[in-house]
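A quick write-up on the structure given underneath.
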Amino acid sequence: MDASTAPQEPLNWDGDRMFNIYIYDYCWKRGFRKTARELMYEADLPEQAQPPIDAKQGLLFE
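In UniProt numbering, the protein residues as written are 1 to 62.
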């Protein structure tokens, strides 16, 4: 079986999780540290969670 006929695995993209990471990033960068920590706890985000696109003021600001 070559690459063109091999079954493709579905992309692992958890939209809700990524959205929460971007909200966390925005809150943290805008100085809403308590809100960011609460979101991290409630959304069960790992402490090292970083958005794939690291915008200076948070992608949601852009």
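We treat Cβ as the ideally placed atom computed from N, Cα and C, and that holds for glycine.
I need the straight-line Cα distance from D16 to C27, nearest angstrom please.
In a straight line, the C-alpha of D16 is about 16 Å away from that of C27.
For the candidate residues N20, Q57 and L59, whose alpha-carbon lies nearest to that of E38?
It is N20.
Does the beta-carbon of I23 have 16 or more other beta-carbons within 10 angstroms, so that it is buried, or is it exposed?
With 16 or more Cβ atoms within 10 Å of its Cβ, I23 is classed as buried.
Taking the CB atoms as reference points, tell me whether Q57 and R30 lie closer together than 8 Å.
Their beta carbons are under 8 Å apart, which means Q57 touches R30 by this criterion.
With distances taken between CB atoms, is the gap from I53 to L45 smaller than 8 Å?
Cβ atoms of I53 and L45: not closer than 8 Å.
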